[in-house]
Amino acid sequence: MKKELLVYPTIFEENHDDGDYFTVYSPNIPGMVTEGDTREDAAEQAIDAIATMLDGEEYPEPQDPKSWELKDNESIIYITVDMKQWYLE
46 MKKELLVYPT IFEENHDDGD YFTVYSPNIP GMVTEGDTRE DAAEQAIDAI ATMLDGEEYP
106 EPQDPKSWEL KDNESIIYIT VDMKQWYLE
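Here the sequence shown stands for residues 46 to 134, where the numbers follow my numbering.
Pasting the structure below:
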């Protein structure tokens, strides 16, 4: 039985180049990139992106982000996804 509640560390990158926004990605889930105008919006988009990327897939084990090298404009945010809310089997 698959876990239904997933928690992944993600990297939030704060950007001010073409307006103010946050880009979100996770080394746990290759190809998962999303963004939002605020931290809250970016977190909601990250939940949707993780659920979409992992639908029907084996869930990767969350990495320990202690070894991740972050830029000055990046921070680690944990995102919780309840897969049960996203998909009915």
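Cβ coordinates follow ideal geometry from the N, Cα and C atoms, glycine included.
Being a predicted model, the structure only gives us computed values, none of them experimental.
Less than 9 Å divides the Cβ of M77 from the Cβ of I95.
Looking at the DSSP output, Y70 shares a beta bridge with I56, V78.
Contact between P54 and I121 holds, with the beta-carbon distance rounding to 5 Å and staying under 8 Å. A Cβ-Cβ distance of about 6 Å is found for the pair Y123 and V52, placing them in contact under the 8 Å criterion.
Taking I74 as reference, the option from Q130, P107, W131 with the minimal CA-CA separation is P107. Distance from the CA of N60 to the CA of K111, rounded to the nearest whole angstrom, comes to 23 Å. In this model, W131 and L50 are separated by some 11 Å (Cα to Cα).
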